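Some notes on the structure that comes next.
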Amino acid sequence: MKTTLIIPARYASTRYPGKPLAELTLPTGEKKSLIRMSWEAATGVRGIDAVYVATDDDRIADHAKGFGAQVIMTSEGCRNGTERCADALDRAGIETDLVVNLQGDAPLTPPWFIEDLMAAMAADQTAQVATPVLRCDALTYGHFREDRAAGRVGGTTAVFGTNGHALYFSKEVIPYIDPGKLPDPIPVFHHVGVYAYRPDALRAYMGWPVGTLEALEGLEQLRFVENGVPVACTEVDGRGRVFWELNNPADIPRIEAALKEL
Numbered sequence: 006m007k008t009t010l011i012i013p014a015r016y017a018s019t020r021y022p023g024k025p026l027a028e029l030t031l032p033t034g035e036k037k038s039l040i041r042m043s044w045e046a047a048t049g050v051r052g053i054d055a056v057y058v059a060t061d062d063d064r065i066a067d068h069a070k071g072f073g074a075q076v077i078m079t080s081e082g083c084r085n086g087t088e089r090c091a092d093a094l095d096r097a098g099i100e101t102d103l104v105v106n107l108q109g110d111a112p113l114t115p116p117w118f119i120e121d122l123m124a125a126m127a128a129d130q131t132a133q134v135a136t137p138v139l140r141c142d143a144l145t146y147g148h149f150r151e152d153r154a155a156g157r158v159g160g161t162t163a164v165f166g167t168n169g170h171a172l173y174f175s176k177e178v179i180p181y182i183d184p185g186k187l188p189d190p191i192p193v194f195h196h197v198g199v200y201a202y203r204p205d206a207l208r209a210y211m212g213w214p215v216g217t218l219e220a221l222e223g224l225e226q227l228r229f230v231e232n233g234v235p236v237a238c239t240e241v242d243g244r245g246r247v248f249w250e251l252n253n254p255a256d257i258p259r260i261e262a263a264l265k266e267l
């Protein structure tokens, strides 16, 4: 399948304005922006035909062009990354079989997460949308609980049925686990901020209004769930690597620590 990867990026983040341009310190002492690290992660994925940064902000566009990225300017009216991917696909006139959305706040995303997602879509031609999920280890589960206790909105969790289709996504930690009875393995799955869509699914998405659950949770993928489009959850293997997105300034030291471990 011809596969196009798009990195949607906006400057006006509610929780972290200017987040794509936030700099992380690498173990070498070198500093790189979040958007650059996400782009470099994308270019390391096998089977991708083209990589674009999609934004409505000149500061992000100029910065991305400076390190060699192809940029598509999109509408300021895009409310989330899925809408931005759909808008970019339309504005650039891209013909493709599959669109991968790698959100620009996940520089720790290993290439095999995306490769596994692409393979799952190739194997199931009926799937319209797919997204990776990663079983939480004790450290990640601890980060989730720490954020909620501090009143921070951190990562997203996913629950899915025996057929692998999503039942729900939430910024709360679900399912609930009695703190005194933490099982092994931990039955909580961290939703990884990557999506694969058929182009027709993206076009349909743009025709639906924002649903109640999407508005309450602030999670774009719930629009598919609310409109009856199955979202396939593809379980991926972390292979011992820590995965975390940059949702809040407090996540910077967590990600920098993970980079040192690598």
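In this text, residue positions in the sequence shown follow my numbering: the first is 6, and each later residue adds one. Beta carbons are placed, not taken as given, at the ideal position from N, Cα and C, and that holds for glycine. Keep in mind it's a predicted model, so treat the numbers as computed, not measured.
Less than 8 Å between the CB atoms is what I'm expecting for residue i and residue j, so what's the real figure, rounded?
i, j, result
"Ser-43", "Pro-112", "5 Å"
"Asn-252", "Val-138", "That pair is no contact at about 17 Å."
"Ile-65", "Leu-26", "7 Å"
"Arg-4", "Glu-120", "A question about residue 4 goes unanswered here, because the residues of the chain that appear run from 6 up to 267."
"Tyr-202", "Val-134", "5 Å"
"Ala-132", "Ala-237", "5 Å"
"Arg-140", "Glu-240", "7 Å"
"Ala-171", "Val-104", "Not quite, the Cβ-Cβ distance comes to about 18 Å (not below 8 Å), so this is no contact."
Indicate, with yes or no, if the ligand SAH has a heavy atom lying under 7 Å from the CB of residue i.
i, result
"Lys-24", "Absent from the structure shown: the ligand SAH. Ligands present: none."
Note down the Cα distance separating residue i from residue j, rounded to an integer number of angstroms.
i, j, result
"Ala-127", "Gly-49", "20 Å"
"Gly-243", "Pro-190", "14 Å"
"Thr-145", "Asp-205", "35 Å"
"Ala-47", "Pro-116", "7 Å"
"Asp-63", "Ile-12", "15 Å"
"Phe-165", "Ile-40", "30 Å"
"Arg-84", "Gly-245", "34 Å"
"Pro-32", "Ala-263", "10 Å"
"Phe-72", "Thr-60", "15 Å"
"Ala-93", "Thr-79", "6 Å"
"Ala-255", "Gly-147", "14 Å"
"Glu-81", "Glu-45", "25 Å"
"Pro-214", "Gly-233", "14 Å"
"Ile-179", "Gly-109", "25 Å"
"Lys-176", "Ser-38", "25 Å"
"Pro-188", "Gly-169", "21 Å"
"Thr-136", "Leu-122", "7 Å"
"Gly-34", "Lys-24", "20 Å"
"Gln-75", "Arg-89", "15 Å"
"Gly-156", "Ala-143", "20 Å"
Measuring alpha carbon to alpha carbon, tell me which of the options ends up nearest residue i.
i, options, result
"Thr-161", "Ala-154, Thr-167, Tyr-173, Gly-169", "Tyr-173"
"Leu-224", "Asp-54, Tyr-200, Cys-141", "Tyr-200"
"Asp-129", "Leu-10, Pro-235, Thr-9, Pro-258", "Pro-235"
"Ala-163", "Asp-152, Gly-23, Ala-154, His-195", "His-195"
"Glu-151", "Asp-67, Pro-184, Ala-125", "Pro-184"
"Tyr-181", "Ala-74, Phe-149, Glu-261, Ile-53", "Phe-149"
"Ile-53", "Gly-34, Gly-98, Ala-124, Ala-154", "Ala-124"
"Asp-67", "Ala-209, Tyr-16, Ile-260", "Tyr-16"
Do residue i and residue j have their CB atoms nearer than 8 Å?
i, j, result
"Ala-91", "Met-211", "yes"
"Met-6", "Asp-95", "no"
"Ala-55", "Thr-87", "no"
"Leu-227", "Leu-218", "yes"
"Val-247", "Glu-266", "yes"
"Thr-114", "Val-197", "yes"
"Ile-257", "Leu-107", "no"
Could you spell out where the beta strand (DSSP E) holding residue i opens and where it closes?
i, result
"Glu-59", "Note that residue 59 is Ala in the sequence shown here, rather than Glu. Unbroken beta strand (DSSP E) run through Ala-59: 55-60."
"Thr-9", "8-14"
"Thr-30", "28-30"
"Cys-238", "236-240"
"Leu-103", "103-107"
"Ser-175", "171-175"
"Pro-137", "134-140"
"Tyr-210", "No beta strand (DSSP E) contains Tyr-210, which is instead part of the alpha helix (DSSP H) from 204-211."
Grab the span of the alpha helix (DSSP H) containing residue i for me, first residue to last.
i, result
"Phe-149", "143-154"
"Val-230", "227-231"
"Phe-118", "116-128"
"Ser-43", "39-48"
"Ile-260", "256-266"
"Ala-111", "Taken as a continuous stretch (DSSP letters only), Ala-111 belongs to no alpha helix (DSSP H), as it is neither H nor E."
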